[in-house]
Structures are given as structure tokens and as C-alpha cells.
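Contents: one structure, followed by commentary.
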Amino acid sequence: MITQLQIEYFLAINETKNISQAAKKLIITPQTLSHSLESIERELGTTLFERGIPLTLTDSGQIFLEYAQNMVEMRNNMLNAINDITGNVHGTIRIGISYNRSPVLLPRTITEFQKHYPTIDFFVFEGNQSEIKQALLARKIDLAVEHIPYHDPNILEEEILKDYLYLLIPKGMLEQRFGSRASLILKELEQEKSIYSLADLPFLLNKKGNSIRAIMESIFEQEQISPPIRTETENMETLFNMCVIGRGVTVYPGSFLHQEKLAAHTDALHIVKIPNEKAQYTLGVAYRKKHQMTKASKYFIEVLRKHAQMTMYSGD
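In the numbering used here, the protein residues as written are 162 to 477.
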């Protein structure tokens with residue numbers, strides 16, 4: 162009979178595609194791991210991996226992977242359901258969240274959450290939008306804090322808030338480019354439904370694969386403009402700091418623009434809500450349809466929603 166431990170060993174091999182790396186991760190010897198894999202293959206009468214570098218799943222291995230993942234999830238769901246009934250609250254909430262949203266939302270959210278659930282731990286996976294979705298579908302995380310909807314029948318979602326994208330424009334750059342017309346250009350941005358007037362200004366943006374970058378590329382295409390992209394990085398703090406010193410225009414979600422962040426820079430920046438319906442999006446929590454949501458997970462979402470709404474830029 163194939164055991165739970167053997168399944169976990171198989172999943173570790175599949176994740177690393179390497180016996181030695183998987184053994185190191187599991188803190189066992191490569192020989193023990195190889196013997197476990199061979200035992201599964203003998204019982205099934207087939208090979209699960211092509212022995213190459215890296216290891217690759219056979220057709221049988223692909224089928225076994227799907228069932229192995231489902232078995233692990235069913236076991237976790239069973240434990241979650243029983244723990245909710247018995248009040249034996251412990252375990253780990255596995256969260257996927259962007260590099261930039263994590264420091265804004267998680268410290269205060271987790272601090273408040275653990276006052277109510279002190280025995281719950283957290284595993285945080287940080288990545289871009291596509292990486293987080295992949296981790297969710299691969300069952301590496303349980304909750305994804307990201308732009309929704311995912312448009313995937315295997316994923317359920319809960320709205321956290323409606324967010325907006327804002328242009329952060331260096332005041333000096335706007336005045337240098339437009340001179341006496343700078344105030345008129347700013348007024349047009351605030352009142353019109355176009356950013357066409359900024360077509361020649363340098364932009365500072367996230368790398369491709371990030372949801373904000375995808376929104377901006379769609380807006381640029383709609384506006385039929387191709388502004389020069391002077392800097393690309395995943396770190397929005399870098400984009401903000403470079404914008405402050407006048408290197409270019411950047412884009413920030415309202416949920417990142419808390420007053421503490423802006424207090425020292427009001428003399429350096431114009432902040433304008435992007436006049437385009439594509440610049441409004443929904444921030445939510447996504448989870449697999451088959452995942453058993455615990456009372457603790459539901460409470461985490463409530464606390465996350467509260468703190469996300471508290472950080473929203475008011476425009477004042």
C-alpha cells in the first residue's frame with residue numbers, strides 16, 4: 162500500500178526534479194528517497210519519472226501526480242474540518258501575494274489575526290500575478306491575494322476592495338516639459354479620459370508579468386501611445402523613489418499610497434487618478450474550489466479586508 166509519506170516524497174521529487182535536492186529538502190538520504198520512489202513504481206507496475214537531468218514525469222507519472230495532489234488536499238481538508246469542530250486550532254495558512262503588496266498588508270494583518278489565533282503560522286509566497294496563480298493551482302499555497310477575477314472554473318474568489326491606479330508625476334518634470342501649460346495639462350488629466358498628453362514623458366514601470374504592467378500596456382495600446390520606459394523593476398518602492406527624484410512618471414495603486422508614505426513628498430509629486438476605466442480593478446482573495454476553508458482562514462480574510470481598506474488613498 163502506498164503511504165502518505167511516500168506521496169509526500171514523490172511530490173518533493175516532482176517539485177525539485179532532482180533526487181538529491183529533494184532529499185536535502187526532506188532531510189533524508191538520497192538512497193532512502195530513491196528506494197521510496199522505486200517502491201511506489203513496483204506497486205504500480207510502471208515508472209513515474211524518466212531518469213534524466215532534470216527528472217521528467219512519464220504519462221503514468223502525470224496521472225499519479227494529479228491523484229497524489231488530490232489525496233494530500235483531501236487529507237488537509239479533513240484535518241481542517243475536524244479542527245474546526247473540535248476547536249483544536251493549529252496549522253499553517255499558506256498565502257501568495259505580490260512582492261510589493263506583502264509589506265503593505267501582511268504585517269498589521271497577521272499581527273491582529275494572531276491575537277485571535279496565536280497558534281496559526283504563516284507561509285508566504287511572494288511573486289508576480291502569473292507566478293501566484295501557478296502556485297495556487299499547483300497547491301503550493303491556499304490563498305492568493307491578487308487582482309481578480311482569474312476566470313478559472315477551479316478557483317473561487319472573494320472581493321477585498323475596489324482599487325484604482327494613480328499617476329505619480331514629478332512636478333519638476335511636468336513644468337520642464339510643458340512650461341506655462343503645465344497646470345492646464347494637469348487639469349486636463351484630472352478631467353479628461355486620456356493620458357495622451359504624457360506620451361513623450363519617460364515612465365517607470367513594473368516588469369512584464371505584473372498585473373499593473375499589463376493594465377498600463379492595455380491603456381497605452383488604447384491611447385495609441387508608446388512612452389519611453391526608462392526603468393523596469395518588480396520593486397515598487399524603487400519606482401516610487403526614482404519618481405520622487407524626477408526620473409519619470411510611475412503608476413501606483415491607491416491601496417499603496419497611504420498618507421505616511423506621501424507625507425514627505427507632497428511638494429515633489431502630482432498624484433492623479435488615471436482617467437481610464439481599465440485603471441480600476443478588484444483586489445481579492447482567491448482559493449481552489451476543492452480547498453476546505455477553515456474558520457481561521459475566513460477570519461484572516463476579514464482582517465485583511467479591513468486593513469486593505471484602511472490603507473486606501475483618499476485623494477485628499
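Here a beta-carbon is modelled for each residue, glycine too, at the ideal position from N, C-alpha and C.
Taking a C-beta distance under 8 Å as the contact criterion, Ile174 and Ile168 do not qualify as a contact pair.
The alpha helix (DSSP H) runs of length 4 or more contained entirely in the region 232-286 are, from start to end of the chain, 262-277. In chain order, Ile321 and Leu322 place their CB closer than 8 Å to the CB of Arg466, counting only its own chain and leaving out the 5 sequence neighbours on each side. Per DSSP, Pro191 has no beta-bridge partner at all.
Unbroken beta strand (DSSP E) stretches of 3 residues or longer found wholly inside the region 326-401: 364-366 and 390-393, given in chain order.
Note that the C-beta distance between Val233 and Leu350 is not below 8 Å. His251 places its beta carbon less than 8 Å from that of Ile281. Contact between Ile356 and Ile435 holds: CB atoms are separated by about 7 Å, below the 8 Å threshold.
Taking a 10 Å sphere around the C-beta of Tyr413, we find 16 or more other C-beta atoms and assign the residue as buried.
Excluding five sequence positions before and after Val285, the CB atoms of its chain that fall closer than 6 Å to its own CB belong to Ile256, given in chain order.
Residue state for Tyr413 is assigned as strand, using DSSP reduced to three classes. A buried status is given to Asp303, since no fewer than 16 other beta-carbon atoms sit within 10 Å of its beta-carbon. Pairing Thr399 with Pro388, the inter-Cα distance amounts to about 19 Å.
Taking the C-beta atoms as reference points, Ile316 is found no nearer than 8 Å to Lys422.
The alpha-carbon of Met334 is positioned some 21 Å away from that of Glu384. Excluding five sequence positions before and after Leu226, the CB atoms of its chain that fall closer than 7 Å to its own CB belong to Asn175 and Leu218, given in chain order. Close CB contacts of Val405 within its chain, under the 8 Å cut and outside five residues either way in sequence, are with Pro331, His426, Ala429 and Leu430 (chain order). Given a length threshold of 4 residues, each whole run of the alpha helix (DSSP H) inside the region 163-207 is given here in chain order: 165-177, 180-187 and 191-205. For Arg466, the uninterrupted alpha helix (DSSP H) segment begins and ends at Lys456 to Met471. Secondary structure of His419 (DSSP, three-state): coil. Per DSSP, reduced to three states, the secondary structure at Ala299 is coil, with no helix or strand assignment.
DSSP places Leu226 within a helical segment (H, G or I) once states are collapsed to three.
Non-local beta-carbon contacts of Asn437 in its own chain, meaning distances under 6 Å to residues more than five positions away in sequence, involve Ile380 in chain order.
For the set Ser341, Glu353, Leu329 and Leu172, the Cα lying nearest the Cα of Leu366 is the one of Leu329. Under the three-state reduction of DSSP output, Ile435 falls in the coil class, being neither helix nor strand.
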